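For reference, the structure is listed below as structure tokens.
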């Protein structure tokens, strides 16, 4: 074995060794004391024996306080149970490391630390002596982790915003506000719209209690006013230590941190985007924050701009749709207004061809034709005036004319109409009247006629008055009535083209809805104004003021009273074979009532007239209760109180299964389908010819509504005269008994769905084989099965259908 060439170390004396050992211990203690980590010792009861300087600084203890402290006091009270568990685990395994929140003894502030706890044992016996801890303040690490997490959230939010780049919803604005709050560390974000010296909160976001959207106030008390006036972003991270500490937003609202910038729309500041907190921000806002808030403001501004454009588009679309609806309603009403007098004109013209007419009847019929022709001419003139006004082609022809003569001409025409309705009619001249004015007399007369005509039409009881006089603004006339008045919500629609205040099918008053609109346009063309005072049930007063032209040198006269001339009269009704049938005529026009009744009575039918849908329903149920039902109901679709659509719907809903034929002056496409959809069996358009009316009634009368008990003859198919169909017709007729049996069985079993299907099949088959009356009866039964649960009505419908089928079964060709 080779020996070690190094010389042996000299032996130290005992005193020298102890000195070196103490020196090394001192160095170790100095090293521990100056370590930047928390290093401490405690006994098994947790009494602190030693804590280095870094540890004392972390928890806020003086050197003298260390020996009176327990290690359990080092952590936040909420973390104490977990810390005791850490000590127990250390006793079991010798060393445990865990993140805790240390407690600063002076401030109570939590300090995140990574706590490493060791068990100290006796070197020889292994007996536990106490705990040693080497721990580290991880505040900066946690701050870095939080910042990394915050940056990740910001990046995700930016990506989400990019995905919403074409957004238009309020949710898109709220997403931007949420991102801003997270980015800047603020409590809430707000979009304010600025209007003059006031603001309105249009959007807001906060993770806490919601901020009231729609809040209004004065801009001067907000930081937003400063941001709005500035050239760029405004930010303050601690208002209480800034020159803005006396600002109302800080003094009153307690805002301690703020960043905001103006939102620009159409190159003009329109509001602000602001983020704020009631506690100071940890550090100042930097250039990156200013860039970010500017970007968010641009983004929010683009959303608000798109929202505004979208609202404008929606408003334009709704306005266009409303205009189209109004025009459609207008066309429908014009159609009704034209066809109704045409029905009377053509009908009475037919009557005049009867060589047996007595002279008084001829005169009566001619008066009716003339009266309806005049009404038709009025409608056509209104339409022509409207088209000329809309096209800008209506021209005025002002001339010097006498206002009193003009008033007398108008009131002489209108007084008679008022008296016919039992209304008082008066004219009042308020002060002297100029002998002449410079105006278009035709158009002024038209204005007066329209206003007085409306006043009379909408007044049932009371009076209509015309008041005329000079005022400072010009020549004024007022038309007052004691009629129905106009509701406040309807007044905004006054004088609009294609609009009636009551445009529903149940409206009580006729007309195209053009009169007031034309009146307003004419007044404006005459350089005047029109206004109304009205309330529901309290009547209306229309005031028109026009420019009378130069009045210098014109004599002022006292206005005379007006008078009127005598009224005209009207006639009676025509002819074909409906003996034994009762027919209900539901029609509001007196001339048409008489004309249709004349046709039907001349054909042998018994006729009952109802002036509106409500009366028609009452007559139907009275006839059913008396056992004298109507074979057919002729139902005008446009009537006052309750229109034909509503009346038919009500009858079908209660299980009425007999034929209802719609009479309508609406010639618009789709109207027959609308009538059938509500339960009408057929459709007859005005003006109607006598032959068409009687053929329609005869086709649908069937066996219903007869007043005698005589047996009916065979029911002949429309195709019976065609020899090629004989065999096919015989086969179809041969299936009727089986079809009836199936219908009876399904109805008795309460299987309404099956009943409806079988009736529907018979509806189509019977129509194809020329049995229109069977088709109508089967359709009524199908409707009853689908829409009601009235068993008795369905049994009645089945009996009527069976009667028709049995008559078809005994056709001569079978």
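In the working numbering, the protein residues as written are 13 to 826.
Ideal Cβ positions, reconstructed from N, Cα and C, are used throughout, including at glycine.
Nothing here was measured: the structure is a model prediction, and the numbers come from that model.
Could you tell me the alpha carbon to alpha carbon distance between residue i and residue j, rounded to whole angstroms?
| i | j | result |
| --- | --- | --- |
| residue 672 | residue 693 | 6 angstroms |
| residue 638 | residue 814 | 23 angstroms |
| residue 666 | residue 225 | 51 angstroms |
| residue 128 | residue 229 | 57 angstroms |
| residue 752 | residue 669 | 17 angstroms |
| residue 165 | residue 207 | 35 angstroms |
| residue 599 | residue 352 | 11 angstroms |
| residue 265 | residue 248 | 15 angstroms |
| residue 581 | residue 727 | No answer about residue 581 holds up, because its pLDDT of 33 lies below 50 and its placement is not dependable. |
| residue 350 | residue 344 | 10 angstroms |
| residue 812 | residue 641 | 13 angstroms |
| residue 712 | residue 318 | 60 angstroms |
| residue 705 | residue 388 | 23 angstroms |
| residue 118 | residue 77 | 12 angstroms |
| residue 820 | residue 784 | 12 angstroms |
| residue 708 | residue 494 | 44 angstroms |
| residue 579 | residue 383 | A caution first: residue 579 carries a pLDDT of 33, below 50, which makes its placement in the model unreliable, though a value can still be read off. If you take the alpha carbons of residue 579 and residue 383, they lie about 11 angstroms apart. |
| residue 829 | residue 189 | Look at the range of the chain in this structure, 13 to 826, and you will see that residue 829 is not part of it. |
| residue 679 | residue 362 | Legend: pLDDT at residue 679 = 47, less than 50; position of this residue unreliable, value from coordinates given subsequently. Approximately 22 angstroms, taken between the alpha carbons. |
| residue 808 | residue 750 | 19 angstroms |
| residue 573 | residue 487 | Caution applies to residue 573, whose pLDDT of 42 falls short of 50 and renders its modelled position unreliable; the model cannot decide the point. |
| residue 792 | residue 654 | 23 angstroms |
| residue 545 | residue 499 | 11 angstroms |
| residue 743 | residue 331 | 59 angstroms |
From this set, the options, which residue's C-alpha is nearest residue i's C-alpha?
| i | options | result |
| --- | --- | --- |
| residue 281 | 429, 415, 204, 413 | 204 |
| residue 223 | 136, 202, 317, 556 | 202 |
| residue 268 | 276, 254, 279, 274 | 254 |
| residue 690 | 429, 664, 777 | 664 |
| residue 554 | 375, 466, 76 | 466 |
| residue 2 | 563, 132, 271 | This structure leaves residue 2 out entirely; the chain is present only between 13 and 826. |
| residue 593 | 558, 646, 602 | 646 |
| residue 738 | 76, 325, 773, 782 | 782 |
| residue 199 | 287, 235, 136 | 287 |
| residue 550 | 496, 528, 541 | 496 |
| residue 463 | 308, 426, 415 | 426 |
| residue 134 | 161, 56, 186, 790 | 56 |
| residue 747 | 758, 88, 770 | 770 |
| residue 88 | 69, 621, 121, 104 | 121 |
| residue 181 | 365, 529, 322 | 322 |
Less than 7 angstroms separating the beta-carbons of residue i and residue j?
| i | j | result |
| --- | --- | --- |
| residue 617 | residue 596 | no |
| residue 348 | residue 650 | yes |
| residue 768 | residue 797 | yes |
| residue 315 | residue 184 | yes |
| residue 418 | residue 453 | yes |
| residue 480 | residue 489 | yes |
| residue 359 | residue 696 | no |
| residue 124 | residue 102 | no |
| residue 445 | residue 569 | yes |
| residue 238 | residue 211 | no |
| residue 485 | residue 531 | no |
| residue 309 | residue 273 | yes |
| residue 250 | residue 292 | yes |
| residue 114 | residue 86 | yes |
| residue 835 | residue 415 | With the chain covering 13 to 826 only, the question about residue 835 has no answer from this structure. |
Secondary structure, alpha helix (DSSP H): runs of 4+ residues fully inside the segment 76–156: Qualifying alpha helix (DSSP H) stretches, in chain order: 92–105.
3-residue-minimum beta strand (DSSP E) runs that sit fully inside the segment 581–649, ordered along the chain: Counting only runs of 3+ residues, the beta strand (DSSP E) found wholly inside the segment 581–649 occupies 594–598, 618–622, 644–648, in chain order.
Sufficient close CB pairs (3 or more, under 8 angstroms) joining the segment 627–638 to the segment 695–712: Proximity of the segment 627–638 to the segment 695–712 falls short of the contact definition, fewer than three beta-carbon pairs being nearer than 8 angstroms.
Touching by the beta-carbon criterion (3+ pairs, under 8 angstroms), the segment 184–198 and the segment 211–221: The segment 184–198 is in contact with the segment 211–221.
Given 8 angstroms, three or more beta-carbon pairs between the segment 749–768 and the segment 619–629: No, the segment 749–768 is not in contact with the segment 619–629.
Stretch-stretch touch, CB-based, cutoff 8 angstroms, three pairs: the segment 471–487 with the segment 424–442: Yes, the segment 471–487 is in contact with the segment 424–442.
Sufficient close CB pairs (3 or more, under 8 angstroms) joining the segment 390–402 to the segment 440–450: With the cut-off at 8 angstroms, the segment 390–402 and the segment 440–450 do not touch.
contact_flag[the segment 55–71, the segment 141–158] where n(CB pairs < 8 angstroms) is 3 or more: A contact between stretches requires three or more CB pairs, one per stretch, nearer than 8 angstroms, and the segment 55–71 meets this requirement with the segment 141–158.
Alpha helix (DSSP H) runs contained entirely in the segment 247–304, provided each spans 4 or more residues: Entirely contained in the segment 247–304, the alpha helix (DSSP H) runs reaching 4 residues are, in chain order, 260–263.
Segments of 4+ residues assigned as alpha helix (DSSP H) that fall wholly inside the segment 764–817: Fully enclosed alpha helix (DSSP H) runs of 4 or longer: 764–780, 784–799.
Three CB pairs or more closer than 8 angstroms across the segment 37–53 and the segment 146–162: A contact exists between the segment 37–53 and the segment 146–162.
Complete runs of the beta strand (DSSP E) confined to the segment 328–416 [at least 3 residues]: Taking only runs of at least 3 residues, the beta strand (DSSP E) segments lying wholly in the segment 328–416 are 411–413.
4 or more residues per run - each alpha helix (DSSP H) lying fully within the segment 161–232: Within the segment 161–232, the runs of alpha helix (DSSP H) at least 4 residues long that lie entirely inside it are, in chain order, 182–196.
Every unbroken alpha helix (DSSP H) inside the segment 408–471 [4 residues or more]: Qualifying alpha helix (DSSP H) stretches, in chain order: 415–432, 453–469.
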